[in-house]
Amino acid sequence: MTASSALQTAPSGRSHAAHARDWLAENLKGRLRIDRAHEIPVTLQELVDFEVGMHAAGLAGITWPRAYAGHGLTLREHLEINREIGLAPVPNSVNSIGKELAGPIILAICNETQKAEYLPAILKMQAIWCQGFSEPGAGSDLAGLRTRAERTADGWRINGQKIWTSGASKSQRCLLLARTGTAEDRHKGLVLFAVRMDTPGLEVREIRSIDGHRHFCEVFFNDVIVDEADMLGAPDEGWAAATRVLSIERATNRMYRSWRFQSELEHLIDACRTDARAMALLTPYSRQLAQIRVEVELLKGHVETLVETLLSGGQIGPRGSFPKLYWSESHQRFAQIGWEIVSRFPPGVDGPLRDIRARMEAVYFASRAETIYAGTTEIQLDIIAGRILKLQKAA
Amino acid sequence: MHDDLDPAEFEDTARAVMASCAGAADVPARARLLGEAGLLGVLAPQATGGLDLPLRYAVPVCRTGGQALLGFPLIETLLLARLLADESPDLATGLVAGETLATIAWTGVVEDEIVGGAPVARVADYVLCFRRDGGALLLETAACTDLDETLSIDVDTPDAALRPGAAQVAQLDVAAVARLRADAKILRAACVHGSAAQCLELAVEHAQGRVQFGRPLSAYQALRHRLSRDALAVETMRNALVRALSEPAEGPAFARDAAWLGAAQAGPGVAESAIQVLGGMGFTWEVPLHRHLRQMRTQAVLGAAVEGLDDLAAHLLNGSNSPWNGDFHHVA
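The following block contains the structure:
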């Protein structure tokens, strides 16, 4: 049996949405559900196994070519399936960097050997990837990064430090951005690597974030030797191509967001409806919640319009900033309202109220990162001002 | 048969006609210009001289009308010409040609003996008034009394309150009125989108031309970010309309409501922001930003935006049908 024939996709005559819905109803259970408070947290292995199943069922790798274990479909089916993923309490991928950042970049710039090595391993969850872009001195301003890559006889020697590298302690590969020259070169001489996380000289330290998690990491590179074969694209060219991919990814990654947002709002209301005391806390917020519900639909308008643009061969360019900005701020407003409601539940509540309290607490703290990562709100506003409105800085 | 027409080309044509209307003396003069250009019959059947096109073709007409502060009951004429074509073909033909003027009293019901929110009712030949049962009556405006537009804040398209008279011309059933209201949400959102886009354009133009402390206002990050947020608001309206006119997976009704409620909420904010960007000039009567603000605030009232949000709130509190919450036991 070949890899692709083992994959289940929507049987003919049934919609991809119906297939996804049924598969999730059957397989998303127990500790995997993010809408329930769990005594014992879900393990990494359980999440990995679930994602292996999602891929086999056709719910991940939807647009990737079949040759690399993908499902060979379009963004339209990706959107259709992601609506269902959003409406269900599915955990975020532990390999979203692999699936939504490294993968598309690899598809755009790598040679056949590299694609065959890296891509199926991502979908089969054999290689979890992390993103080594940000540095202590280069956050929003990536051109300021200092991590050096020097040519050696049989590859490259890497020295430097990365930070805010989510999931590095659980990863097998790092999508590393380094430079061949000096920091004064700015955008020149940037080069991308796929670095094995078990390479000697590479050290990972976890950072605890405000939500109590330890996903964030610092990654130190001390004379880390990387094979020539693990360089992605040529210096300069690779990064130029990658930035084009990144502008699309900003608009398309976690495409289920609007629908997840909708399901969080519905969960809050449905849970409060089980208890008159909770309902009394929720009701005064009803007009604000209606406003949020409208914003969720408007967010879908941004996402679906961009998908249509891409499907018809158009360019998104800087317009990917619109959904990022809109979603992150609207979701924060919702998270604040949600927390104001659940934090005043009477002590000792159980069942649905305990579940939604735990979920809203997690959503509230996690949402504080949403206006920071993937380009801060301020960066998005700068992009719109400079590249869409083309506002002049000098007379 | 008009599938080959491009709504974007319609927008260019409509914009040129709106510009010519700016020089017209009064509402009847604008009606004739719009009628001659064929814009009033976009939705009406061909028997009335109309083009019989789908709603998405009326969107650019209303968008450019809002942008131009047209001073004409555009939404009302477009929808009434289509609605009345069967029952009152002559009247519909007159509307399409721009020879007859009709409007709609968007607030109140006939049974209360006073209705309101009727744009340019003072010069209209007919006014559609809603009934409590969800139907509507078309009345001769001449037979209505106590017409009063002093409470209108819209200086370009003042709306009036009036006491309905007995001279009934036509009657609409509940289904026809429901469709009228649904389509009006789209056209109103288009009008507000055009109006807000125009305010943003005026603000951007001013920010780039006005120099203070040796730099254009557009160089200052506080203003750059303000204008970026306004651009987000305008783009959100545009995409919401695109989605509402497509076939959204969740059905068209909520996408339409969201497009309207979103526009009604965000549109006036863009005008308010533009007034701030223009500073003292923005607060003058001469600069048209206040007219856009008045137009958008009036549309929000005529389109019952706050009521719509409250209806949605009540609906939300009834709970969802998410299967993931299916095991919850709801209290009464």
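Residue numbers (this note's numbering), protein chains in the order written: chain V, 371 to 765; chain C, 1207 to 1538. Glycine included, each C-beta is placed from N, C-alpha and C at the ideal position.
- Query: How is the alpha helix (DSSP H) around K694/V delimited, first residue to last?
  - Reply: Counting along the chain, the alpha helix (DSSP H) containing K694/V begins and ends at 691-712.
- Query: In chain V, what lies closer than 8 Å to T1442/C by C-beta?
  - Reply: L668, G671, H672, F692, Y696
- Task: Look at the alpha carbon of P1422/C and the alpha carbon of L1406/C, and state the distance between them as a whole number of angstroms.
- Result: A straight line joining the alpha-carbon of P1422/C with that of L1406/C spans about 17 Å.
- Item | Run of the beta strand (DSSP E) containing V1321/C, from where it starts to where it stops | 1321-1325
- Message: Check for me: the alpha helix (DSSP H) holding C587/V runs from which residue to which?
- Response: In the DSSP annotation of this structure, C587/V is not part of any alpha helix (DSSP H); the continuous beta strand (DSSP E) holding it starts and ends at 587-597.
- Message: On the criterion of 16 or more Cβ atoms from any shown chain inside 10 Å, does K763/V qualify as buried, or is it exposed?
- Response: exposed
- Item | Residues near I475/V in its chain [Cβ-Cβ closer than 6 Å; skip 5 each side] | A612, V615
- Message: Mapping the DSSP letters down to three states, classify T1309/C as helix, strand or coil.
- Response: Residue state, collapsed to three classes: strand.
- Task: Taking all protein chains shown into account, decide if N592/V is buried (16 or more other Cβ within 10 angstroms of its Cβ) or exposed.
- Result: Per the 10 Å Cβ criterion, exposed.
- For G1322/C, decide whether its Cβ has a neighbour in chain V, counting only Cβ atoms nearer than 8 Å. no
- Beta-carbon proximity check, S737/V vs H701/V, cutoff 8 Å: yes
- What's the C-alpha gap between H1496/C and A388/V? Roughly 50 Å separates the two Cα atoms.
- Message: If distances are taken between C-alpha atoms only, which option among A1327/C, E1217/C, A1403/C comes closest to R1369/C?
- Response: A1327/C
- Query: Excluding sequence positions up to five away, which residues of its chain have a Cβ less than 6 Å from the Cβ of S539/V?
  - Reply: V574, E576, C587
- Message: Does the contact criterion of 3 or more C-beta pairs under 8 Å hold for the segment 445-458 of chain V versus the segment 482-500 of chain V?
- Response: no
- Query: Taking DSSP as the reference, what is the three-state secondary structure of N1445/C?
  - Reply: helix
- Task: Work out the CA separation of H585/V and A1402/C for me, nearest whole Å.
- Result: 42 Å
- Hey, does S1401/C have any beta-carbon neighbour from chain V nearer than 8 Å? no
- Message: Using beta carbons (cut-off 8 Å, strictly below), is R1449/C in contact with chain V?
- Response: yes
- Item | From A1376/C, A1396/C, H1536/C, residue whose alpha carbon lies closest to that of V1265/C | A1396/C
- Can you give, in chain order, each stretch of the beta strand (DSSP E) that sits fully within the segment 501-537 of chain V and has at least 3 residues? 518-521, 525-532
- Item | Short-range partners of chain V found in the segment 1491-1511 of chain C, where Cβ spacing is below 7 Å | none
- Can you list, in chain order, the residues of its chain whose CB lies under 6 Å from that of R1416/C, leaving out five sequence neighbours each side? L1423
- Query: Using the rule of at least 16 other Cβ atoms within 10 Å of the residue's Cβ for burial, across every protein chain shown, is L1429/C buried or exposed?
  - Reply: buried
- Euclidean distance between Cα positions of V589/V and S633/V: 35 Å
- Task: State yes or no: is the beta carbon of L1259/C nearer than 8 Å to at least one beta carbon in chain V?
- Result: no
- Would the beta-carbon of V1329/C fall within 8 Å of that of V1233/C? Yes. Within cutoff.
- If you measure from the beta carbon of K540/V to each beta carbon in chain C, is any gap under 8 Å? no
- Item | Option in R384/V, I758/V, S385/V, G383/V with minimal Cα separation from V1410/C | Cα-wise, what sits closest to V1410/C is I758/V.
- Coil, strand or helix - D752/V by DSSP: helix
- Item | chain V contact for H1535/C (CB, 8 Å cutoff) | yes
- Could you tell me which of W534/V, G456/V, G440/V sits nearest to S579/V, measuring between CA atoms? W534/V
- Query: Looking at the unbroken beta strand (DSSP E) that takes in A548/V, where does it start and where does it end?
  - Reply: Counting along the chain, A548/V sits inside the beta strand (DSSP E) bounded by residues 543-549.
- Message: Measuring only the C-alpha atoms, how far is G442/V from I432/V?
- Response: 6 Å
- Message: Is the separation between the beta-carbon of K494/V and that of H557/V shorter than 8 Å?
- Response: no
- Which residues in the same chain have their Cβ closer than 6 Å to the Cβ of E454/V, if we skip the five residues on either side of it in sequence? A387, A390, R391
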